[in-house]
Amino acid sequence: MTRQCPEIAQALRFQDTLPGKITALADLVFSGGEPALQGLLMLLQDHWDTIVDPSISCPLSFTPEDKAEHQDLEQHWNQGVALMNDVLREIEEHQGWDGWVSHQNYDVMKERLSRCREEFLDCMAKTAEERSVAA
Numbered sequence: 060m061t062r063q064c065p066e067i068a069q070a071l072r073f074q075d076t077l078p079g080k081i082t083a084l085a086d087l088v089f090s091g092g093e094p095a096l097q098g099l100l101m102l103l104q105d106h107w108d109t110i111v112d113p114s115i116s117c118p119l120s121f122t123p124e125d126k127a128e129h130q131d132l133e134q135h136w137n138q139g140v141a142l143m144n145d146v147l148r149e150i151e152e153h154q155g156w157d158g159w160v161s162h163q164n165y166d167v168m169k170e171r172l173s174r175c176r177e178e179f180l181d182c183m184a185k186t187a188e189e190r191s192v193a194a
């Protein structure tokens, strides 16, 4: 079917392209995904001539300093996502970004989250001051 209709094949492959990834991540701006989107925009700037007609100038302008700062931010963001995944695995139930749980599971989830928080602080807080800031 994709040979008969190349437009379908192109649409199916779009999600794996840089413009497709940017489009898919645009909604993450509203859920904490700004570093991922900014990184893709930086890639878009780097590859602009291969994606858009080279006669059209790129409207994006990231300096080498911007890119270096972004790498640091993205590394911290990725660590935060990994920690969030660890927490969700520990409490054994995905709550979504809003933290909602059913009434029947509330007490169990509250206990799991409390235990997970203590384990997190035991692992990550190096001093009593760091522990109190996180409390």
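Every number in our numbering is 59 more than the matching position in the sequence shown, counting from 1. Glycine is no exception: its CB is placed at the ideal position from the N, C-alpha and C atoms. Keep in mind that this is a model prediction, so the values were computed, not measured.
{"Query": "When DSSP labels each residue in this structure, what does I58 get in the three-state scheme?", "Result": "For the chain, the structure presents residues 60 to 194; residue 58 sits outside this window and is missing."}
{"Query": "Considering only the beta carbon of each residue, do C117 and I150 sit closer than 7 Å?", "Result": "no"}
{"Query": "Please report the Cβ distance between E66 and P94, rounded to the nearest whole angstrom; I am assuming they are in contact, meaning their Cβ atoms lie under 8 Å.", "Result": "Not quite, the Cβ-Cβ distance comes to about 33 Å (not below 8 Å), so this is no contact."}
{"Query": "Since T74 and A68 should fall inside the 8 Å C-beta cutoff, what is the C-beta to C-beta distance between them, to a whole number of angstroms?", "Result": "With the sequence shown as reference, residue 74 is identified as Gln, and Thr is not the correct amino acid for it. Not really, about 12 Å apart at Cβ, beyond 8 Å."}
{"Query": "Would you check if the distance between the CB atom of L119 and the CB atom of L102 is smaller than 7 Å?", "Result": "no"}
{"Query": "Tell me which same chain residues have a C-beta within less than 8 Å of the C-beta of L99, skipping the five on either side of it?", "Result": "L77, K80, I81, L84"}
{"Query": "Indicate the three-state DSSP secondary structure (helix, strand or coil) for L119 in the structure shown.", "Result": "coil"}
{"Query": "Could you give the DSSP three-state label for W159: helix, strand or coil?", "Result": "coil"}
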